[in-house]
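Trainee: If you read the sequence shown in my numbering, its first letter stands for residue -5, the second for the next number, and so on.
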Amino acid sequence: MLPDYLTNGNENVENSLKKEYKSLLKMNEMFGKINNNMNQARINLQQFYTTVEQTDQLLDLWIGLLSQSVHTQKILCDPSWHGDSIEKMRILEEQAKQPPK
-5 MLPDYLTNGN ENVENSLKKE YKSLLKMNEM FGKINNNMNQ ARINLQQFYT TVEQTDQLLD
55 LWIGLLSQSV HTQKILCDPS WHGDSIEKMR ILEEQAKQPP K
């Protein structure tokens, strides 16, 4: 089936072309909006990725701190541990007992 502008008179041709032109303008505007939305989505995804990376780094730091605090708590709760100075003396005594290499 042929479009109206090919089968009707000049006046109808002009009206049909105007309608098609308006339709194309609306479609062009719609595609422009879609393009803008896609660009904004890309920016939002980049920000999300950056936030995830920063969160990952913070979690790694938190895990390290938690691990160190558990280790420190075990040392402090150990009845055989009598402080850093005594621990250093104990290590030196053990080294003195070992024969030289």
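Even for Gly, the Cβ is constructed at its ideal location relative to N, Cα and C.
Using a Cβ cut-off of 9 Å (strictly closer), state whether K27 contacts chain C.
Mentor: Structure shown: chain C not included; a single protein chain is present.
Trainee: Please go through the same chain and pick out, in chain order, the residues whose beta-carbon is closer than 7 Å to the beta-carbon of K12, but skip the five residues on each side of it.
Mentor: As a first step, residue 12 is located in the sequence shown; it is residue number 18 there, counting from the start. Here the set comprises nothing.
Trainee: What's the C-alpha gap between Q82 and W75?
Mentor: Counting from one through the sequence shown, the residue named residue 82 turns up at place 88. Counting from one through the sequence shown, the residue named residue 75 turns up at place 81. Rather than Gln, the amino acid found at residue 82 in this sequence is Lys. Rounded to the nearest angstrom, the two C-alpha atoms are 11 Å apart.
Trainee: Below 8 Å CB to CB, which residues in the same chain sit around L19 once its five sequence neighbours on both sides are set aside?
Mentor: For the purposes of this step, residue 19 is identified with residue 25 of the sequence shown, where counting begins at 1. For L19, where only same-chain residues beyond five positions count, there are no Cβ hits under 8 Å.
Trainee: DSSP three-state label for W56, please.
Mentor: Within the sequence shown, residue 56 is the residue found at index 62, counting from 1. Helix, per DSSP.
Trainee: Whole angstroms is fine: what's the gap from A35's alpha carbon to L52's?
Mentor: For the purposes of this step, residue 35 is taken as the residue at position 41 of the sequence shown. For the purposes of this step, residue 52 is taken as the residue at position 58 of the sequence shown. Computed Cα separation, rounded: 25 Å.
Trainee: By DSSP, does D72 sit in helix, in strand, or in coil?
Mentor: By one-based count along the sequence shown, residue 72 stands at place 78. The answer is coil: DSSP assigns D72 none of H, G, I, E or B.
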